[in-house]
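Enquirer: Sharing a structure below in structure tokens format, with a few things to ask.
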Amino acid sequence: MDLTKDYKIIGMTNSELQTLINSWNFEVEFSEAESQFLNITVKPENLHQLGLQLKSNKETSFDFLFCVTGMDWGTDLGVVYHLESTTHRHQIVVKVKTSDRENPTFDSVCDIWYTAEFHEMEVFDFFGIKFNNHPNLKRLFMPLDWVGYPLRKDYVDEVNMVIK
Amino acid sequence: MGIEKNELVNDFPGQIIPGGNGGNITITTLDKVINWGRSNSLWSLYFGTSCCAIEMMQTGAARHDYSRFGFEVARPSPRQADLIIIAGTIVNKMAPVLRRLYDQMAEPKYVIAMGACAISGGPFYYNTYSVVKGADHVIPVDVYVPGCPPRPEALLEGMMMLQEKIRTESMKHKVNPIDGFDQGL
Numbered sequence: 000m001d002l003t004k005d006y007k008i009i010g011m012t013n014s015e016l017q018t019l020i021n022s023w024n025f026e027v028e029f030s031e032a033e034s035q036f037l038n039i040t041v042k043p044e045n046l047h048q049l050g051l052q053l054k055s056n057k058e059t060s061f062d063f064l065f066c067v068t069g070m071d072w073g074t075d076l077g078v079v080y081h082l083e084s085t086t087h088r089h090q091i092v093v094k095v096k097t098s099d100r101e102n103p104t105f106d107s108v109c110d111i112w113y114t115a116e117f118h119e120m121e122v123f124d125f126f127g128i129k130f131n132n133h134p135n136l137k138r139l140f141m142p143l144d145w146v147g148y149p150l151r152k153d154y155v156d157e158v159n160m161v162i163k
Numbered sequence: 000m001g002i003e004k005n006e007l008v009n010d011f012p013g014q015i016i017p018g019g020n021g022g023n024i025t026i027t028t029l030d031k032v033i034n035w036g037r038s039n040s041l042w043s044l045y046f047g048t049s050c051c052a053i054e055m056m057q058t059g060a061a062r063h064d065y066s067r068f069g070f071e072v073a074r075p076s077p078r079q080a081d082l083i084i085i086a087g088t089i090v091n092k093m094a095p096v097l098r099r100l101y102d103q104m105a106e107p108k109y110v111i112a113m114g115a116c117a118i119s120g121g122p123f124y125y126n127t128y129s130v131v132k133g134a135d136h137v138i139p140v141d142v143y144v145p146g147c148p149p150r151p152e153a154l155l156e157g158m159m160m161l162q163e164k165i166r167t168e169s170m171k172h173k174v175n176p177i178d179g180f181d182q183g184l
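Going line by line, the protein sequences match chains A and B. When we follow numbering that gives the first Met the number 0, the leftmost residue of the first sequence carries the number 0, and every step to the right adds one. When we follow numbering that gives the first Met the number 0, the leftmost residue of the second sequence carries the number 0, and every step to the right adds one.
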């Protein structure tokens, strides 16, 4: 294997990625503000389709999900996926959000990137975000009988927390 | 002939009087001599839950080396330890484990709370659902070493303060710090 050749591969630029993903018609929003990555915000119903396309397309080939983050933006709950291609070495961020705080639900992507299975368990544990088609969605770090989702901004715990 | 006074060990708690013909007379009390032995062979338990553990390892490593003061080795089993240095944050899930380790140690046993987290929760005092606000909610603590994390010199100072405390103890008036602890006495 010629490593020097591999290191020269930098993949697609952010604007090339944007042009390509725009041509797929997933109704996504693009942003590069305050970020080293190209951020795309996708509607929850298109998330799984977009994920499949991002991974299977030969030009993008995002086969490595290196970070899954649960987020509480105050009003919206959401999940942020950081993706990388191990062949092209380009990276991208996919965001998905919902204003439903009672029953926030997204499609699981653990059938596309297997690593998402544990990451989604963690997001469920701390934010109460549910994932459709997840094989084993349960609490990961908190005790199984814990009530509430402690990393939500509106979380209250009068027993354990000293509020400042 | 005979041995000059305190020639063998200069911190022996008592007097050695040369008796002539190789026989010497030692004057001390049992309390003093037993405490002298105990305070100079304190074995600590491996217990580090976060970054203070790195400083604790450094205190045991070559540059600071707590073996010089009688903390000869650290033990991986509570059954063989006299001392537990709480080096790090105690979370609600860890608290019962810490209590069990303490209960498994043979008496007499001692506790040093090292660093801000073990003393009061430290940087995690406010707005956290998971951190115990001080290890003294779980087990009785003998010495508190402040710092975030404390330098090895500070931990050594705390450990030597514990040795001084042990030297004041008496077999006749034994105090077990866990007695009445859960009742808040």
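Quick reminder that beta carbons are idealized off the backbone N, C-alpha and C, glycines included. Because the structure is a prediction, the values reported are computed rather than measured.
I need the straight-line Cα distance from valine 78(A) to phenylalanine 117(A), nearest angstrom please.
Expert: By one-based count along the first sequence, residue 78(A) stands at place 79. By one-based count along the first sequence, residue 117(A) stands at place 118. Roughly 14 Å between the two C-alpha positions.
Enquirer: For chain B, check one thing: does any of its Cβ atoms lie closer than 8 Å to the Cβ of lysine 152(A)?
Expert: For the purposes of this step, residue 152(A) is taken as the residue at position 153 of the first sequence. It does not; no Cβ of chain B falls within 8 Å.
Enquirer: Can you find a C-beta in chain A that's less than 8 Å from the C-beta of threonine 48(B)?
Expert: Along the second sequence, one-based indexing puts residue 48(B) at 49. It does not: the Cβ of threonine 48(B) has no partner Cβ on chain A nearer than 8 Å.
Enquirer: Give the single residue among Phe25(A), Val108(A), Leu51(A) and His89(A) whose Cα lies nearest to the Cα of glutamate 15(A).
Expert: Translated into the one-based positions of the first sequence, residue 15(A) becomes position 16. With distances taken between Cα atoms, glutamate 15(A) lies closest to His89(A).
Enquirer: How big is the Cα-Cα spacing for glutamate 54(B) and phenylalanine 63(A)?
Expert: In the second sequence, the residue the question calls residue 54(B) occupies position 55. In the first sequence, the residue the question calls residue 63(A) occupies position 64. Spanning the two alpha carbons is a distance of roughly 37 Å.
Enquirer: To the nearest angstrom, how far is the alpha carbon of valine 90(B) from that of phenylalanine 11(B)?
Expert: Locating residue 90(B) in the second sequence gives position 91, counting from the first residue. Locating residue 11(B) in the second sequence gives position 12, counting from the first residue. Looking at the two C-alpha atoms, the distance is approximately 42 Å.
Enquirer: May I ask you to report which of helix, strand or coil DSSP gives threonine 97(A)?
Expert: One-based indexing of the first sequence puts residue 97(A) at position 98. Reduced to three states, the DSSP call for threonine 97(A) is strand.
Enquirer: Would glutamate 31(A) and asparagine 13(A) qualify as a contact pair, given that the criterion is a beta-carbon distance under 8 Å?
Expert: Against the first sequence, residue 31(A) aligns to sequence position 32. Against the first sequence, residue 13(A) aligns to sequence position 14. A contact, by the Cβ cut-off of 8 Å.
Enquirer: Would you be able to state if there are at least three C-beta pairs under 8 Å between the region 117–126 of chain B and the region 94–106 of chain B?
Expert: Cβ pair count under 8 Å is below three, so no.
Enquirer: When you check each C-beta in the region 82–105 of chain B against every C-beta of chain A, which residues fall closer than 9 Å?
Expert: Those would be Asn91 and Lys92, in chain order.
Enquirer: So, serine 98(A) versus threonine 74(A), is the Cβ gap smaller than 8 Å?
Expert: The residue labelled residue 98(A) in the question sits at position 99 within the first sequence. The residue labelled residue 74(A) in the question sits at position 75 within the first sequence. Yes; because the gap between Cβ atoms is below 8 Å, this pair is in contact.
Enquirer: Thinking C-alpha only, which one of Ile118(B), Val144(B) and Ile16(B) is nearest glycine 133(B)?
Expert: For this step, residue 133(B) is matched to residue 134 along the second sequence. That would be Ile118(B), whose Cα lies nearest to the Cα of glycine 133(B).
Enquirer: Looking at the structure shown, is glutamate 106(B) part of a helix, part of a strand, or coil, going by DSSP?
Expert: Locating residue 106(B) in the second sequence gives position 107, counting from the first residue. Three-state result, glutamate 106(B): coil.
Enquirer: Are the region 81–88 of chain B and the region 40–52 of chain B in contact at 8 Å, needing three or more beta carbon pairs?
Expert: Contact holds: three or more Cβ-Cβ distances are below 8 Å.
Enquirer: Applying the 10 Å Cβ sphere with the 16-neighbour rule, what's the burial state of serine 107(A)?
Expert: Against the first sequence, residue 107(A) aligns to sequence position 108. Label assigned to serine 107(A): buried.
Enquirer: Can you give me the C-alpha to C-alpha distance between asparagine 5(B) and leucine 44(B), rounded to a whole angstrom?
Expert: As a position in the second sequence, residue 5(B) is number 6, starting the count at 1. As a position in the second sequence, residue 44(B) is number 45, starting the count at 1. Any reading at asparagine 5(B) must be qualified, since the residue scores a pLDDT of 47, below 50, and its modelled position is unreliable; the value itself is stated next. The straight-line gap from Cα to Cα measures roughly 33 Å.
Enquirer: Using the rule of at least 16 other Cβ atoms within 10 Å of the residue's Cβ for burial, across every protein chain shown, is cysteine 147(B) buried or exposed?
Expert: Here residue 147(B) is taken as the residue at index 148 of the second sequence, counted from 1. The residue in question, cysteine 147(B), is exposed, as its Cβ has fewer than 16 Cβ neighbours within 10 Å.
Enquirer: If you measure between the beta carbons of valine 140(B) and alanine 112(B), is that distance less than 8 Å?
Expert: Along the second sequence, one-based indexing puts residue 140(B) at 141. Along the second sequence, one-based indexing puts residue 112(B) at 113. Yes. Within cutoff.
Enquirer: Roughly how many angstroms lie between the CA atoms of threonine 25(B) and glycine 18(B), to the nearest whole one?
Expert: The residue given as residue 25(B) occupies position 26 in the second sequence. The residue given as residue 18(B) occupies position 19 in the second sequence. Approximately 10 Å between the Cα atoms of the pair.
Enquirer: Could you tell me how far apart the beta carbons of leucine 136(A) and methionine 120(A) are, in whole angstroms, since I believe they sit closer than 8 Å?
Expert: Counting from 1 along the first sequence, the entry for residue 136(A) is found at position 137. Counting from 1 along the first sequence, the entry for residue 120(A) is found at position 121. Yes, leucine 136(A) and methionine 120(A) are in contact; Cβ-Cβ is about 6 Å, under 8 Å.
Enquirer: Would you tell me roughly how many angstroms separate the C-alpha atoms of leucine 82(A) and glycine 179(B), rounded to the nearest one?
Expert: If you number the first sequence from 1, residue 82(A) lands on position 83. If you number the second sequence from 1, residue 179(B) lands on position 180. Near 56 Å, if we compare the C-alpha coordinates of glycine 179(B) and leucine 82(A).
Enquirer: For aspartate 156(A), go through chain B and note every residue whose CB falls closer than 8 Å to its CB, in chain order.
Expert: For the purposes of this step, residue 156(A) is identified with residue 157 of the first sequence, where counting begins at 1. Ordered by position in chain B, the residues that pass the 8 Å Cβ test against aspartate 156(A) are Tyr128.
Enquirer: Thinking isoleucine 39(A) and glutamate 28(A) are a contact (beta carbons under 8 Å), I'd like their distance in whole angstroms, please.
Expert: Locating residue 39(A) in the first sequence gives position 40, counting from the first residue. Locating residue 28(A) in the first sequence gives position 29, counting from the first residue. Yes, isoleucine 39(A) and glutamate 28(A) are in contact; Cβ-Cβ is about 7 Å, under 8 Å.
Enquirer: Closest Cβ-Cβ distance between tyrosine 65(B) and chain A: below 8 Å?
Expert: For the purposes of this step, residue 65(B) is taken as residue 66 along the second sequence, with counting starting at 1. No, tyrosine 65(B) does not count as interfacial toward chain A.
Enquirer: Skipping 5 residues on each side, what residues in its chain have a beta carbon closer than 8 Å to that of methionine 56(B)?
Expert: Taking the second sequence and counting its residues from 1, one reaches residue 56(B) at position 57. For methionine 56(B), where only same-chain residues beyond five positions count, the Cβ hits under 8 Å are Gly47.
Enquirer: Does cysteine 66(A) come out as helix, strand or coil in the three-state DSSP assignment?
Expert: Here residue 66(A) refers to the residue found at position 67 of the first sequence. Residue state, collapsed to three classes: strand.
Enquirer: Three-state secondary structure (DSSP) at glycine 50(A)?
Expert: What you label residue 50(A) is simply residue 51 of the first sequence in a count that begins at 1. The answer is helix: DSSP assigns glycine 50(A) an H, G or I state.
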